[in-house]
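Keeping their order, the protein sequence lines are chains A and B. FYI, my numbering numbers position 52 of the first sequence as 52, with every residue one higher than the one before it. All you need for my numbering is the position in the second sequence, starting with 1, plus 1000. We put the CB at the ideal spot given by N, CA and C, even for glycine.
2 protein chains.
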Amino acid sequence: MHDVALVAGVSVKTVSNVINGYPHIRPGTKQRVEEAIDQLGYRVNITARSLRQGRTGMIGLAVPELSLPYFAELAETIIRVAEETGTLVLIEQTNANRAREIEALGSRMRHLTDGLIFSPLALGQEDVDLFAVDFPLVLLGERVFGGPADHVTMDNVAAARAATEHLIARGRRRIAVIGAHPGERVGTAALRVRGYRDAMAAAGIPVDERLVAEAGAWHRSTGDAAMTALLDLGVEIDAVFGLNDAVALGAMHALRLRGLRVPEDVAVIGFDDIEEAAYSAPTLTSVAPGLEQIARTAVAYLRERIDGTAPDAARQMVTDFSIVTRQSTGA
Amino acid sequence: MHDVALVAGVSVKTVSNVINGYPHIRPGTKQRVEEAIDQLGYRVNITARSLRQGRTGMIGLAVPELSLPYFAELAETIIRVAEETGTLVLIEQTNANRAREIEALGSRMRHLTDGLIFSPLALGQEDVDLFAVDFPLVLLGERVFGGPADHVTMDNVAAARAATEHLIARGRRRIAVIGAHPGERVGTAALRVRGYRDAMAAAGIPVDERLVAEAGAWHRSTGDAAMTALLDLGVEIDAVFGLNDAVALGAMHALRLRGLRVPEDVAVIGFDDIEEAAYSAPTLTSVAPGLEQIARTAVAYLRERIDGTAPDAARQMVTDFSIVTRQSTGA
DNA sequence: TTGTAAGCGTTATCAT
DNA sequence: ATGATAACGCTTACAA
């Protein structure tokens, strides 16, 4: 910058003014500076600017793992949306590990990012105080409610209820749930199971507790295993509600191995509407969470916190959902 | 840091020494400093350190899009591996767009990262000069060979040949290829098609050019479309080689719609061995590229360039591959 | 409209 | 073994 000033015959301050679009500059001066910048191939040093301004222009995104399609799609969307305001995204993978999630709230990425979008999977309601941090924070998901940070979530109970009603409307009554977390009060699993129970109760169908199957981590493999265990029980099943698409896809895999047809013998619905759902065999009906809306809201909330234009009180945004009907439930 | 020095009764330099593990410090001094750090909750300001050292401890990763499973898994692995040496990863999505890929080589991320791992999809051999940059760069993939930067690639010709031989060994002769890029000389598609032709020639099977189907972007949707077009031609087909797993999965989807059974009527093999391949219906045989090795090599190469311990000449590493046999070819 | 000077929080140099 | 001081490259008061 010093060199540019020298070449243009101005001071560094004027160079800085030109770079930052300060309006009151004589056109001739501006042009000379810009020529000097081109001539020298000068680029501002973001690190120095960050140090001076106390901001880096980066935000953090803490997710369990990018190899989980939902989080890959979430990251893709957040990076794309953040870029619209010139914000870069630093991704941290927590592996849904408690210690790593706690670390994400105070790690090295702090002081390097202006704020954090955090999707916890191990921390829960009992850890709510950990989210009272002194930097801009937006929480995603359903592990924590009423916490001290902005929160973007969806109405999981209503969405799960709608998913279950979708199955009931197609004549299914022996509906299994895969992915429950027994003992959990809040949290995605608990809320979705509650929605399932609500729908069953409203339809007057008693819930066979054997059909509520646990699966800790929501992967294809755990869905596969849980479904297999369920089939081994020998209980009658005519539908499956996978608490996310991965377990639903794993469950379909297990059903296929047993020679059961989807949807003729067993209808299957998932949750997340990942891209894969549109290409699985059969294609998978799923609850679409509106990723774009989630991402836009989260980035906007965080931006407002960073800029200091947000209200003091923590906000909560409940995003929309819809059901995308595909072959696995008879489309 | 100033405050810590004050509390510990030492100079800032000593605090810095303690933080950076400088060996010649009296144990008592060290302890006082550490206590002061704890007491004040002090954390070093990475931005200031970066400014002073001229390094940020971050590297860039430019990929087409995280919602493509292969690149999500690649990003997952690179982030994990980089973390082992305390390196953070800033991801940039180029959307396989030429302008954005060029920008990735000179964007704002420069000056903010110590180097770049770049997987180009639009730039090719004719752009080789663009890769002669003045910062540490490691290229991934097969778009460019003999360029001025370190390069991690696999032997695509051999791998594609092995994939084709896998099909031939199972008695298939009418083998379609999906995902060709006509007119391309180097580049992933061209190399894999060459491997296919080599295998066919070695087995004495003439190549029916109608079976070499184009698909520009390698998505499930384009694989689906290309397969459908191929079936519309009415040519006989008993196997499909999808040039990546996404097109192979899309092709399986199209086959299914036409009532063709995999593998009985048509065997299918893919490329990349993404996690989904193990759970598709049927499960998909695929060429596994050894992601961990690719990631480790790329990060190590970049690290050595950054540290100045790499040789002057550009290096090229050819990573291993293997074929994972699954149901789609009769496992 | 432009320039001067201070300072962001570190680390490197050089003393001591 | 530790300290004083000068940078790193930029932006922001404030002055002119």
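For residue j and residue i, believed in contact at Cβ under 8 Å, the rounded distance
i: B/THR1329; j: B/ALA1267; result: 5 Å
i: B/ARG1326; j: B/THR1285; result: 5 Å
i: A/THR77; j: A/ALA295; result: 4 Å
i: A/THR47; j: B/LEU1088; result: With 8 Å as the limit, A/THR47 and B/LEU1088 do not qualify as a contact, their Cβ atoms being about 14 Å apart.
i: A/TRP218; j: A/LEU249; result: In fact, because the Cβ distance is near 11 Å, the residues do not count as touching under 8 Å.
i: B/VAL1144; j: B/THR1319; result: The pair is not a contact, with the Cβ atoms about 16 Å apart (cut-off 8 Å).
i: B/SER1221; j: B/MET1252; result: With 8 Å as the limit, B/SER1221 and B/MET1252 do not qualify as a contact, their Cβ atoms being about 13 Å apart.
i: B/VAL1010; j: B/VAL1033; result: 6 Å
i: B/ALA1062; j: B/PHE1135; result: At roughly 13 Å, the Cβ-Cβ gap does not stay under 8 Å, so B/ALA1062 and B/PHE1135 are not in contact.
i: A/ALA189; j: A/ILE237; result: Rounded, the Cβ-Cβ distance is 19 Å, inconsistent with contact.
i: B/SER1241; j: B/THR1297; result: This sequence places Phe at residue 1241 of chain B; Ser is not what is there. B/PHE1241 to B/THR1297, Cβ: 26 Å. No contact.
According to DSSP, residues forming a beta bridge with residue i
i: A/MET317; result: A/VAL152
i: A/GLN93; result: A/VAL63
i: B/MET1058; result: B/LEU1088
i: B/PHE1271; result: B/VAL1287
i: B/GLY1242; result: B/ILE1178
i: A/VAL324; result: A/SER286
i: B/PHE1118; result: B/ALA1062, B/LEU1139
Pick from the options that is closest to residue i, judged by C-alpha positions
i: A/ALA331; options: A/HIS24, A/ARG170, A/GLU76, A/ARG49; result: A/ARG170
i: A/ALA149; options: A/VAL324, A/LEU302, A/ASP307, A/PHE321; result: A/LEU302
i: A/LEU140; options: A/LEU130, A/MET154, A/ASP127; result: A/MET154
i: B/ALA1212; options: B/GLY1179, B/PHE1135, B/GLY1054, B/ASP1224; result: Note that residue 1212 of chain B corresponds to Val in the displayed sequence, not to Ala. Taking only the C-alpha atoms, the option nearest B/VAL1212 is B/GLY1179.
i: A/GLY270; options: A/ARG161, A/PRO182, A/GLY146; result: A/ARG161
i: A/ILE334; options: A/ASP114, A/ARG315, A/ASP38, A/PRO263; result: Nothing can be reported for residue 334 of chain A, as the shown portion of chain A is limited to 1 through 331.
i: A/HIS2; options: A/GLN31, A/GLY28, A/TYR42; result: A/TYR42
i: B/GLU1276; options: A/LEU68, A/SER16, A/PRO23, A/ASN17; result: A/LEU68
i: A/VAL207; options: A/ALA99, A/ASP224, A/VAL235, A/ALA5; result: A/VAL235
i: A/PRO263; options: A/ALA278, A/GLY54, A/THR283; result: A/THR283
i: B/ILE1059; options: B/ILE1079, B/TYR1070, B/GLN1053; result: B/ILE1079
i: A/PRO182; options: A/GLU209, A/ILE205, A/ASP38; result: A/GLU209
i: B/PHE1321; options: B/GLN1293, B/GLY1086, B/VAL1299; result: B/GLN1293
i: B/GLN1053; options: B/ASN1020, B/HIS1166, B/THR1085, B/ILE1323; result: B/ASN1020
i: B/ALA1225; options: B/MET1200, B/ARG1256, B/ALA1201, B/ILE1205; result: B/ARG1256
i: A/ALA96; options: A/GLN39, A/ASP38, A/PHE71; result: A/PHE71
Beta-carbon spacing of residue i, residue j below 8 Å
i: B/PRO1064; j: B/LEU1121; result: yes
i: B/LEU1233; j: B/ALA1254; result: no
i: A/GLY187; j: A/ALA159; result: no
i: A/ASP198; j: A/VAL133; result: no
i: B/LEU1291; j: B/GLU1073; result: yes
i: A/LEU123; j: A/LEU130; result: yes
i: A/ALA215; j: A/ILE168; result: no
i: A/ALA104; j: A/ILE91; result: no
i: B/VAL1081; j: B/ALA1036; result: no
i: B/ARG1192; j: B/ALA1239; result: no
i: B/GLU1304; j: B/ALA1310; result: yes
i: B/GLN1093; j: B/LEU1137; result: no
i: A/ARG172; j: A/GLN125; result: no
i: A/PRO289; j: A/ASP273; result: yes
i: B/ALA1106; j: B/VAL1128; result: The displayed chain sequence assigns Gly, not Ala, to residue 1106 of chain B. Contact: no.
i: B/VAL1015; j: B/ALA1005; result: yes
i: B/GLY1223; j: B/ALA1246; result: yes
Helix, strand or coil at residue i [DSSP, three-state]
i: B/PHE1071; result: helix
i: B/ARG1110; result: strand
i: A/GLY179; result: strand
i: A/VAL207; result: coil
i: B/GLU1214; result: strand
i: A/ARG170; result: coil
i: A/ASP232; result: helix
i: A/ALA310; result: coil
i: B/PRO1023; result: coil
i: A/ASN45; result: coil
i: A/ALA158; result: helix
i: B/LEU1191; result: helix
i: B/ARG1185; result: coil
i: A/GLY250; result: helix
i: A/GLU35; result: helix
i: A/HIS219; result: coil
i: B/GLU1101; result: helix
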